[in-house]
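Q:
In our numbering, the protein residues as written are 771 to 884.
#1: Where DSSP assigns a beta bridge to residue 807, which residues make up the other side?
#2: Using 8 Å for Cβ pairs, my map puts residue 840 next to residue 820. What's the rounded Cβ distance?
#3: Tell whether a beta-carbon distance below 8 Å holds between residue 884 and residue 856.
#4: Count the other C-beta atoms from every protein chain shown that fall within 10 angstroms of the C-beta of residue 869, then say buried if there are 16 or more, exposed otherwise.
#5: Compare the Cα-Cα distances from residue 795 to each of 866, 771, 851, 850 and report the closest residue.
#6: Hey, residue 882 and residue 781: beta-carbon distance below 8 Å or not?
#7: Below 8 Å on the Cβ atoms is my guess for residue 877 versus residue 802; work out the distance and round it to an integer in Å.
#8: State the Cα-Cα distance for the pair residue 809 and residue 825, rounded to the nearest angstrom.
Structural data, given as structure tokens:
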């Protein structure tokens with residue numbers, strides 16, 4: 771299983787970005803996908819997840835600003851980030867959880883300037 775994340779970049783506070791993660795390999799129909807982020811000096815934190823049936827969850831820090839979606843036929847998960855803040859600056863990692871195993875992408879850097 772491989773995950774390829776893209777879409778990071780530099781954006782001003784209040785702006786928006788869309789992250790994309792394409793998953794390839796042996797993917798089972800029932801799974802969970804989502805996004806973590808890690809800022810310098812901080813632990814990696816879960817910010818959004820979505821199950822294959824569409825159930826979502828969000829960290830309190832991004833509720834109402836970030837939205838996760840997926841296209842099962844494309845094995846792709848998206849993170850729509852709005853009203854970005856400097857504290858959202860981090861490396862964002864997509865993940866796949868299936869059959870009690872976790873898989874990670876290499877991360878994409880999001881930098882929000884004030």
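All residues carry an ideal CB built from backbone N, CA and C; glycine is no exception.
All of these numbers come straight from a predicted model, not from anything done at the bench.
A: With the structure as the only source:
#1: 815, 862
#2: 5 Å
#3: yes
#4: exposed
#5: 771
#6: yes
#7: Going by Cβ atoms, the distance from residue 877 to residue 802 rounds to 19 Å, so no, they are not a contact pair.
#8: 26 Å
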